[in-house]
Structures are given as C-alpha cells and as structure tokens.
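Structure first, then comments.
Number of protein chains: 2
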Amino acid sequence: MGANNGIEVAAGRALSKEAYDEIVPGLREALVNAQYDVTQQRDFTVLVLLAGMSGSGRSESANRLSEWMDPRYVHLRAPDEPIGLERARPYMWRYWQALPPKGSIGVLLDSWYRAPIVKHASGALSGLALQRISAEIRDFETLLIHEGVLLLKLWFHLEKAAQAERLQKLGASKLTRWRVTDEDRWQLKHYEQFSTAAEKILSETGSPEAPWTIIDGSDEQYREVAVGRLLHQALRRRLDTGTPDASVAPALPERGEKQNPLHELDLNKRLDEADYQPQLEQQQAGLARLTRRKRFRRHSLVVVLEGMDAAGKGSAIRRITYALDVRQYTVVPIAAPSEEERRYPYLWRFWRELPEQGEITIFDRSWYGRVLVERVENLADAADWRRAYEEINEFEQQLIESGTLVVKFWLQISKAEQLKRFRAREKTPFKRFKITPDDWRNRRKWDAYQQA
Amino acid sequence: MGANNGIEVAAGRALSKEAYDEIVPGLREALVNAQYDVTQQRDFTVLVLLAGMSGSGRSESANRLSEWMDPRYVHLRAPDEPIGLERARPYMWRYWQALPPKGSIGVLLDSWYRAPIVKHASGALSGLALQRISAEIRDFETLLIHEGVLLLKLWFHLEKAAQAERLQKLGASKLTRWRVTDEDRWQLKHYEQFSTAAEKILSETGSPEAPWTIIDGSDEQYREVAVGRLLHQALRRRLDTGTPDASVAPALPERGEKQNPLHELDLNKRLDEADYQPQLEQQQAGLARLTRRKRFRRHSLVVVLEGMDAAGKGSAIRRITYALDVRQYTVVPIAAPSEEERRYPYLWRFWRELPEQGEITIFDRSWYGRVLVERVENLADAADWRRAYEEINEFEQQLIESGTLVVKFWLQISKAEQLKRFRAREKTPFKRFKITPDDWRNRRKWDAYQQA
Numbered sequence: 001m002g003a004n005n006g007i008e009v010a011a012g013r014a015l016s017k018e019a020y021d022e023i024v025p026g027l028r029e030a031l032v033n034a035q036y037d038v039t040q041q042r043d044f045t046v047l048v049l050l051a052g053m054s055g056s057g058r059s060e061s062a063n064r065l066s067e068w069m070d071p072r073y074v075h076l077r078a079p080d081e082p083i084g085l086e087r088a089r090p091y092m093w094r095y096w097q098a099l100p101p102k103g104s105i106g107v108l109l110d111s112w113y114r115a116p117i118v119k120h121a122s123g124a125l126s127g128l129a130l131q132r133i134s135a136e137i138r139d140f141e142t143l144l145i146h147e148g149v150l151l152l153k154l155w156f157h158l159e160k161a162a163q164a165e166r167l168q169k170l171g172a173s174k175l176t177r178w179r180v181t182d183e184d185r186w187q188l189k190h191y192e193q194f195s196t197a198a199e200k201i202l203s204e205t206g207s208p209e210a211p212w213t214i215i216d217g218s219d220e221q222y223r224e225v226a227v228g229r230l231l232h233q234a235l236r237r238r239l240d241t242g243t244p245d246a247s248v249a250p251a252l253p254e255r256g257e258k259q260n261p262l263h264e265l266d267l268n269k270r271l272d273e274a275d276y277q278p279q280l281e282q283q284q285a286g287l288a289r290l291t292r293r294k295r296f297r298r299h300s301l302v303v304v305l306e307g308m309d310a311a312g313k314g315s316a317i318r319r320i321t322y323a324l325d326v327r328q329y330t331v332v333p334i335a336a337p338s339e340e341e342r343r344y345p346y347l348w349r350f351w352r353e354l355p356e357q358g359e360i361t362i363f364d365r366s367w368y369g370r371v372l373v374e375r376v377e378n379l380a381d382a383a384d385w386r387r388a389y390e391e392i393n394e395f396e397q398q399l400i401e402s403g404t405l406v407v408k409f410w411l412q413i414s415k416a417e418q419l420k421r422f423r424a425r426e427k428t429p430f431k432r433f434k435i436t437p438d439d440w441r442n443r444r445k446w447d448a449y450q451q452a
Numbered sequence: 001m002g003a004n005n006g007i008e009v010a011a012g013r014a015l016s017k018e019a020y021d022e023i024v025p026g027l028r029e030a031l032v033n034a035q036y037d038v039t040q041q042r043d044f045t046v047l048v049l050l051a052g053m054s055g056s057g058r059s060e061s062a063n064r065l066s067e068w069m070d071p072r073y074v075h076l077r078a079p080d081e082p083i084g085l086e087r088a089r090p091y092m093w094r095y096w097q098a099l100p101p102k103g104s105i106g107v108l109l110d111s112w113y114r115a116p117i118v119k120h121a122s123g124a125l126s127g128l129a130l131q132r133i134s135a136e137i138r139d140f141e142t143l144l145i146h147e148g149v150l151l152l153k154l155w156f157h158l159e160k161a162a163q164a165e166r167l168q169k170l171g172a173s174k175l176t177r178w179r180v181t182d183e184d185r186w187q188l189k190h191y192e193q194f195s196t197a198a199e200k201i202l203s204e205t206g207s208p209e210a211p212w213t214i215i216d217g218s219d220e221q222y223r224e225v226a227v228g229r230l231l232h233q234a235l236r237r238r239l240d241t242g243t244p245d246a247s248v249a250p251a252l253p254e255r256g257e258k259q260n261p262l263h264e265l266d267l268n269k270r271l272d273e274a275d276y277q278p279q280l281e282q283q284q285a286g287l288a289r290l291t292r293r294k295r296f297r298r299h300s301l302v303v304v305l306e307g308m309d310a311a312g313k314g315s316a317i318r319r320i321t322y323a324l325d326v327r328q329y330t331v332v333p334i335a336a337p338s339e340e341e342r343r344y345p346y347l348w349r350f351w352r353e354l355p356e357q358g359e360i361t362i363f364d365r366s367w368y369g370r371v372l373v374e375r376v377e378n379l380a381d382a383a384d385w386r387r388a389y390e391e392i393n394e395f396e397q398q399l400i401e402s403g404t405l406v407v408k409f410w411l412q413i414s415k416a417e418q419l420k421r422f423r424a425r426e427k428t429p430f431k432r433f434k435i436t437p438d439d440w441r442n443r444r445k446w447d448a449y450q451q452a
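Protein chains in written order, with our numbering: chain A, 1 to 452; chain B, 1 to 452.
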C-alpha cells in the first residue's frame, strides 16, 4: 500500500502482552473521559470506519472500542448488502440510515467501502464505475465533514502470508472454525485482486480532509492500542480546538435583478372553469393509469413542491393524490426540523423519507429550504447554504441514478395575489389555521425570497 | 349488519347538495378548532379507522378529512399487506409503525381489519383463526385506549345493489375506470362472503370501550358530513372531559416475602477460571454455528437482559456478541424514554427495534422497565403498571407466534456483592462512568426492586 495520495501509513509493529496491559488502563480512562465530553457537548458526531482485509481484526477492534467505552453511546453498525426494500434506493441510503446522532460515536464496519472493493476485485464493477463510486463517496464524506462529523478512516492491512496463517489457525480448531467465512476464503484466494482494488479506492478517496490511516492488523495488541490511541487523539483534538471553521463559502454567480427567471413569468395565465374540470379529470386519469402500470413498480417517484406561501401547494397536492392509490404514496410536510432531526446533517431527514420501489413521496416543501428559509432567515451560515447547491445536485443525481423519478415544481404567484389570498383566508373561519404571523413575516421578506 | 354486540348503527340517509353546502363551512371550522386544541395539548393521539366495503367511499372520506383540517397534523396511512422485511414480524408490527404521535390525528384506511376479512371471505383463514385474530385486535385496541388513544372505528357499509351500481358507473367512463381495482371486482363477486366475514369480526371486536359506528356509504354528502360530525363530537368530548380515568387496576396476587423466587436463589455458585474459559469457548462456538445455520434465517431472536445494577449484563452481552456475526445483531440499550418516545404508547419503542428474519436484537434492559423502574419510582400509575403484566405477555406471545425466539435472563447478585462491585468501579478510573448517583439511589430501593 503506497504512502502517496493522502494515505497516511502507520508502520506495523507488535506490542508485547506486558506493554499492552500497562498501556490499556490509562488509554481506557482517557477514552472514557473524552467520550464523556462528546456526549455532554452533543454538538458533533464521531464516525469511525473500520475497513480492511479479512482476518485483519477489524471486527475485534470494533468490539474492543465498544468494550472500552460506555457502550450506550457507541453505535456499532455493520450495514449489510442491500436486501429487500433497500434495493431500489441509492447506494448511500443505508449509510444515511446508519448515521448516529450528535453526541455519540458510530463505529461502522466495512462501511461504504466493502461492496465496491469486492465487486471490483471480482470483476463485477469496471474501473470507471469504481471511479464514479469513489467520487460519490468523496462527496458524501465531504458533506459529513462540513456538517461537523469527525470522520476517522482506518484501513486494516494484512500481508498475504499473515492472512493465510491467521485463517488457517482459526480453521484448525473446532471452536474457532466458525469465525472463517466463505468471503474470508474468497479474499485469500483473490488476495492480489482485492489488494489492488482496495489500493485504487483508497487513493481515490484519501484527501487531506479525510485521510486514511493504515493499521497493520497482524498483531492484536498493537492493533487495538493503535486504534484506541488514534481515536483518543482525534477526539481530544476536536474537543480542544472546537469544530473547525466551515470551509470557505463557494462563490455564487452574481445574478442581476433582470435575470431572475421568476420575474420573467407571465402570472396572468388563466384557465376557464369550464376547461379546467375536464382537463383535470383527464390528467388525473392519465396519472392513475401510469402509476398503476407494472413497469412503474420498478421505479419510484419523488415530487417536490416549493413556492411562496398561499401559492396553492396544498390544493395541487390534493389534486395529485386524488388519482393515486393511498397505499402507494406518502405526503411529507416539511417544517422546521425537530430536536431529533437537528442532531443529524440537514439532508438526513429527507433520506429517511425516500420512497421504495413502486412508491411515491410528495414533499410539501423540501431540502430547498436550506437555500430558501435557512438562507433568508440566516439560520445557516453562508458557507453552509452555498455548498448546499452542490450537495443538492449530488443528492438528486443519486436519486436519478437509482431509478427514482424526481419532479420539482415551483409555484409562483404575484405579491398582490398573495395579499388577496391571505385576506381571504383570514375571513374564512375554517381556513384561518392556514394564515399565521409567520406568513406575514415571510411576506415582508418577499424580495429576499425571490432572490434566493 | 346487526345492531347487537356493541355495534352502533347510524341509519343511512342521503343529504342534498344544498344542505351539504350549508353544513360544511361550520363543520370545517369546528373541526379545525378542535384539531388546534389537540395539537396544542399534545397529550393524546387520535386514531380514526376507516374500514368497509369496496366503493363505499372510505378513501374519499379519508382525503376529505385531510382536506378539512390542517393536513400537517393529519397522518393518513394505508399500510399494505406485509412485503419483504415485514413478513417475519408479528401481524401488528406495521400498525405499531404507523401510529402517529400524541397531538396528531391518524387516519388509517382499512387498518388491521382488511386482511383478516378478505382472507376469511376467500377461505384462506378458518373461523377459529379469525377468532384468534379478533382477540389479538381486541387486546391491541384495549392497550391503545388505556394509553389514552382516542379510537374511532367507522365501518362503511354498502348494499350489494349499491356497490354494483357504483362500480359499474365508475367503470363506464375512461376517466374514472382506474378507480375500480381487481379487489373491488372480487369483493362484488363475493359480496355475501365478504359481508359475513365482516359481520363476524365486527361483532367480535365491537365493545363498549371501542364500539363500531356503521356509516351508510351510498350517499357521498351524507357520508362525509357524518364522518366529520362523528370525529368532531369525539374530539370535543375528549377535550372537554379530559383523558378518561384509567380502568380499575387489575389485582395482583399477593406474594408473601418467602415466596419471592429471587430469595431462594443460591448466589454462591462459582465456576473456576480454569473451567470457565474452555466452557465459554465451547458455548460461543455452539452459538456461532447455530446462528449461522440456514434454518436460522427463517427465525429471529430476541434476547432480554434484566437484573440489578452491576449484575454483569454488559459483560454477558459482550460474551454473546463475540460469537455473532456483526451484521446479524443489534444491541439496544434501554434508558429513560426520549421526548419522542414519550409521545407513543410505552411498548412502541420496543416494537420499533424488533429483528427481521435471520437477525438478533439484544435488549440491555427492556419493556420490563414498566413493572420495575416505573413501578418502583412511581413513574406509572398503579393501573398502568398492573395491566402491563397482561400486555407484556400478549406482546411476547405475538413475537413467538411470528417465529421469533424470545430468551429472557434475570441476572441476580446479592446486595453485598453489589456494594463490592460499586466500590471497585469507583476505584477503577475507566469504569467510573459505570457508577452514577442513580446507581446508589436504586440500591437504596433494593427491597422494592426485589419485590417488583
């Protein structure tokens, strides 16, 4: 494994049992104290990725970390290959589900690296596809880091001879034979291919921001102490220096007032009531037929409705859902994030609601809140909402690549029309809940919203 | 449909368009105001079940309720038949997942009634099995009501002629044909069987506590106003009179001090270190082999660990998980419920964590907290924790019937041994997090915990 491409190498060494016994109590105490501070502060998530070769002890190390610290705040996860419902969703979906909340330490075994390495090593994934997945992983890790996640990426390395020896030793006794899996045997047989695939993805995904640390997995004592120390150092550094400044905000292309496409819209288009009803029924029938087709079961649909208050998002949604099978769709109204949701990166709550195959999710407001309300109301730093444009594109790209149809609507009305509708709502008793002081407040920021 | 067996009948009537237009604005206002009070109080959940015949307008009514009120607090759900991952879990699992939190109104289409009716009508479910499911449903609804859920059960009835006419009318136009499903056609063809099956389950599950209201589904205006009024009345009654008193606490068999099985235990059993290690390895190897068998993939496993503080639950779990594939198990530590969890019935958070087929969930403390810490600390009313014994038995029964293995351990130590371990923990720096003021407080209530 080369030392280049941002991959930090920790040279492998052995550690005697005596040295280990002497080091561990102090290390545990330091780890527990650091973990205590993390859970008290509750303002960032720690994510430790333990990936590597078969027999290199990454799962033993995962168990050890959970033993050394308070296991209530250690989330040990090993998401498996997609099964059942997950199949239709983007590759990263299950890792979003596995993210632990702020204030806790997540230990992810193999993580998003295992599948591409095994697939490339077995020839099921081309070099080009591996590069594409690497780019996706880079974007995802960058997003996590920007959201304040402390990401520690450890690769457990094992020479071929050491791997053969270890698997042979485990296989020799009836009591430990169960620990050698089919995949372990496969890896040993394809050691070179696996190593090469791993080396490729490691160089593609190692960066100064999210470097890899290589751990020599041949000696148990050395390996465990090395992992414990690395984690402790990383925790202390973050606790002592605070969350790093968000990276420099990406520049936005300045857009002149004239160029705003919303200002170009002709808002006087009308449809006669007489034309409306038959056209609506026809469209609904068409939508009903299409979503009931066998072929739709291989896709899923995400509908996003955004727009100014009182632009008619609610009634548009009712006209859509009228044509849908109630078993098939979910309407997700997006308001300010809940206390729980605030403990995760902002895209997390949208990932949770993604439809499975053959299903439809309609978002009444959406992730665009990041660059609308959060931008206008200064709820997000400029650096945060500016990078959101890129992150949103990347998110939607992943949806599309997984076979999800993404349809987005912006409903625009004029400022005068909004006022008329607000007044009408105030006068209709059963619509009063639709008009709140917030609506009037947002209205005063009309121009800022139009600009955003 | 008979009027006996706790089934309340609302005679079917039609309502003219004019009368409807006159009633609706006032009804909407009343509903919106009541809903507002529900969301402000946030201390109970409303659950409206809309079940009934094909073509009786139950899904139209569901949409109407969502239109008439603030849709952000109306959870419209229509859980489908089990697919994929759900198959292994108890029948009620998906309905537990669909429960809305306190302060919101859930509208459940068909709900837990559809599958048994259709299956019994088509001969796939025996009369005895139908009775068993009815009993399960009764227990579940009783639990919901005891947990303060306002449950409204509406059955949309339609005579055979009216059903035939409605489906025929929808089928006649290209624009509405999509609204007639295969199941609709099947129901019409088997009208008598469906009616009989429905009548059976309705009489089995109608009770003074959770009565059925029958709505005549033949007239749209009448039907919608009837549903709106019933919901409004139910909401107002609850809002004005408050949550009903919990039912009388079931009596507990008085258990003399001598009879406590914990006091009969011989706590001096020891295992030599020399015997321990080989026996542990043998047991771990056995566990590893069994959980990796093909046959295990058709089951799932729930392990519960309870016991006094410092009894060794944590180390027992580590010895178990050592033998398991990390992809296969989850350890769920149970502490005081979070703010979100407190908005649901107490069993909800355990239902959420149930393993799927081939998987293992280890609960580090569990639902027994209801009759331990909540009983001892007076966190639950006597009526609540007393009925919990029955509810827990029912819950575990459902697990077992769905093919889940349930294994429960109580780890007992003597009071003196606990003190020794507490002191040792205080002295070991990396174990200090394991000993908190709570532990000492719980220790002072030793006898109460033993009794519970």
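Glycine residues also receive a C-beta, built at the ideal position from the N, C-alpha and C atoms. No experiment lies behind these values; they were computed from the predicted model shown.
May I ask which residues mark the beginning and end of the alpha helix (DSSP H) holding T321 (chain B)?
Within the second sequence, the letter at position 321 stands for residue 321 (chain B). Per DSSP, T321 (chain B) belongs to the alpha helix (DSSP H) from 313-322.
Express the C-alpha separation of E147 (chain A) and Q277 (chain B) in angstroms, rounding to a whole number.
On the second sequence, position 277 is the one that residue 277 (chain B) refers to. On the first sequence, position 147 is the one that residue 147 (chain A) refers to. Looking at the two C-alpha atoms, the distance is approximately 46 Å.
The stretch 426-449 of chain A: positions lying closer than 9 Å to chain C by Cβ
Absence of chain C from the displayed structure is noted, the protein chains being A and B.
Flag R327 (chain B) as yes if its beta-carbon sits less than 8 Å from any beta-carbon of chain A, otherwise no.
One-based indexing of the second sequence puts residue 327 (chain B) at position 327. Chain A, which has a Cβ nearer than 8 Å to the Cβ of R327 (chain B), makes this yes.
Using DSSP's beta-bridge definition, name the partner residues of V329 (chain A).
Start at 1 with the first residue of the first sequence, and residue 329 (chain A) comes out as number 329. The residue asked about is misnamed: residue 329 (chain A) is Tyr in this sequence, not Val. For Y329 (chain A), the beta-bridge partners assigned by DSSP are A:I360.
Please list, in chain order, the chain B residues whose beta carbon lies closer than 8 Å to that of Q282 (chain A).
Taking the first residue of the first sequence as position 1, residue 282 (chain A) is located at position 282. Simply L175.
Measure from the C-beta of E340 (chain B) to each C-beta in chain A and report whether the shortest distance is under 8 Å.
Walking along the second sequence from the start, residue 340 (chain B) turns up at place 340. So, interface residue.
Return helix, strand or coil for L125 (chain A), following the three-state DSSP convention.
The residue labelled residue 125 (chain A) in the question sits at position 125 within the first sequence. Three-state DSSP puts L125 (chain A) in coil, outside helix and strand.
In chain A, what lies closer than 7 Å to W178 (chain B) by C-beta?
Against the second sequence, residue 178 (chain B) aligns to sequence position 178. Against W178 (chain B), the close residues of chain A are A285, A288, R289, R292, in the order they occur along the chain (beta-carbon pairs closer than 7 Å).
Using a C-beta cutoff of 8 Å, does D381 (chain B) count as contacting chain A?
Numbered from its first residue, the second sequence carries residue 381 (chain B) at position 381. Closer than 8 Å: no.
Could you work out which residues of chain A lie near R318 (chain B), taking near to mean beta carbons separated by less than 9 Å?
Taking the first residue of the second sequence as 1, we reach residue 318 (chain B) at position 318. What R318 (chain B) touches in chain A: N63, S66, E67, P71.
According to DSSP, simplified to helix, strand and coil, what is G369 (chain B)?
Taking the first residue of the second sequence as position 1, residue 369 (chain B) is located at position 369. It is helical.
Would you kindly work out how many angstroms separate the C-alpha atoms of V32 (chain B) and F44 (chain A), rounded to a whole number?
Along the second sequence, read from residue 1 onward, the residue named residue 32 (chain B) stands at position 32. Along the first sequence, read from residue 1 onward, the residue named residue 44 (chain A) stands at position 44. Computed Cα separation, rounded: 40 Å.
As an exercise, report each continuous beta strand (DSSP E) stretch of at least 3 residues that is fully enclosed by the stretch 172-214 of chain B, in chain order.
Taking only runs of at least 3 residues, no beta strand (DSSP E) segment lies wholly in the stretch 172-214 of chain B.
Would you kindly work out how many angstroms separate the C-alpha atoms of R457 (chain B) and A424 (chain A), rounded to a whole number?
An answer regarding residue 457 (chain B) cannot be provided, because it is not within the stretch 1 to 452 covered by chain B.
Report yes or no: is there a C-beta of chain A within less than 8 Å of the C-beta of T45 (chain B)?
Locating residue 45 (chain B) in the second sequence gives position 45, where the first residue counts as 1. No, no contact with chain A.
Exposure label - D457 (chain A); buried when at least 16 CB within 10 Å
For residue 457 (chain A) there is no data in the structure shown, the boundaries of chain A being 1 and 452.
DSSP state of F44 (chain A) mapped onto helix, strand, coil
Sequence index remark: in the first sequence, residue 44 (chain A) carries index 44 (1-based). Three-state result, F44 (chain A): coil.
Neighbourhood of G84 (chain B) by C-beta distance below 6 Å, restricted to the same chain and skipping five residues each side:
Here residue 84 (chain B) refers to the residue found at position 84 when the second sequence is read from its first residue. Note that G84 (chain B) has pLDDT 46, beneath the 50 cutoff, so the model's placement of it is unreliable and the number below is only indicative. So the list is empty, once near-sequence residues are dropped.
In chain order, what residues of the same chain have a beta carbon less than 6 Å from the beta carbon of R13 (chain A), not counting five sequence neighbours either side?
Residue 13 (chain A) sits at position 13 when you count from the first residue of the first sequence. Hits under 6 Å: Y222.
Could you tell me which residues DSSP pairs with K153 (chain B) in its beta bridges?
Along the second sequence, one-based indexing puts residue 153 (chain B) at 153. Per DSSP, B:L49, B:W212.
Starting from G307 (chain B), follow its DSSP beta bridges and name the residues at the other end.
Counting from 1 along the second sequence, the entry for residue 307 (chain B) is found at position 307. B:L411.
Compare the beta carbon distance of E361 (chain A) and T321 (chain A) with 8 Å and say whether it is the shorter of the two.
Here residue 361 (chain A) refers to the residue found at position 361 when the first sequence is read from its first residue. Here residue 321 (chain A) refers to the residue found at position 321 when the first sequence is read from its first residue. Note that residue 361 (chain A) is Thr in the sequence shown here, rather than Glu. Against a cut-off of 8 Å, the Cβ pair of T321 (chain A) and T361 (chain A) comes out as no contact.
From what residue to what residue does the alpha helix (DSSP H) around H299 (chain A) run?
For the purposes of this step, residue 299 (chain A) is identified with residue 299 of the first sequence, where counting begins at 1. Annotation: H299 (chain A) is outside any alpha helix (DSSP H) and is labelled neither H nor E by DSSP.
Please report the distance separating the alpha-carbon of D266 (chain A) from that of D216 (chain B).
Position 266 of the first sequence holds residue 266 (chain A). Position 216 of the second sequence holds residue 216 (chain B). Approximately 47 Å, taken between the alpha carbons.
The stretch 299-312 of chain A contacting the stretch 405-419 of chain A, beta-carbon criterion three pairs below 8 Å
yes
Run through the DSSP bridge pairs and tell me what L290 (chain B) is partnered with.
Reading the second sequence from its first residue, position 290 is the one you call residue 290 (chain B). Looking at the DSSP assignment, L290 (chain B) forms no beta bridge with any residue, so it has no partner.
Cβ pair L158 (chain A), M53 (chain A) closer than 8 Å
Here the question's residue 158 (chain A) lines up with position 158 in the first sequence. Here the question's residue 53 (chain A) lines up with position 53 in the first sequence. Going by C-beta atoms, L158 (chain A) is nearer than 8 Å to M53 (chain A).
Take A270 (chain A) as the anchor and find which of A:W446, A:I413, A:L15 has the nearest alpha-carbon.
Indexing the first sequence from 1 puts residue 270 (chain A) at position 270. Before going further, note that residue 270 (chain A) is Arg rather than Ala in the sequence given. Nearest C-alpha to R270 (chain A): A:I413.
Chain-ordered chain A contacts of S59 (chain B) [CB-CB under 7 Å]
In the second sequence, the residue the question calls residue 59 (chain B) occupies position 59. V326, listed in chain order.
By the criterion of Cβ-Cβ separation under 9 Å, what are the contact partners of P25 (chain B) in chain A?
On the second sequence, position 25 is the one that residue 25 (chain B) refers to. Chain A residues near P25 (chain B): T428, P429, F430.
Interface residues of chain B around E29 (chain A) at Cβ under 7 Å?
Here residue 29 (chain A) refers to the residue found at position 29 of the first sequence. Here the neighbours are P429, F430.
Exposure label - D438 (chain B); buried when at least 16 CB within 10 Å:
Position 438 of the second sequence, counted from the first residue, corresponds to residue 438 (chain B). Looking at its Cβ environment, which holds fewer than 16 other Cβ atoms inside 10 Å, D438 (chain B) is exposed.
Kindly indicate which residue of A:Q357, A:L154, A:E391 has the alpha-carbon position closest to the one of Y368 (chain A).
If you number the first sequence from 1, residue 368 (chain A) lands on position 368. Nearest C-alpha to Y368 (chain A): A:E391.
DSSP three-state label for A10 (chain A), please.
Here residue 10 (chain A) refers to the residue found at position 10 of the first sequence. Annotation note: pLDDT 48 at A10 (chain A) (below 50); position unreliable, no value reported.
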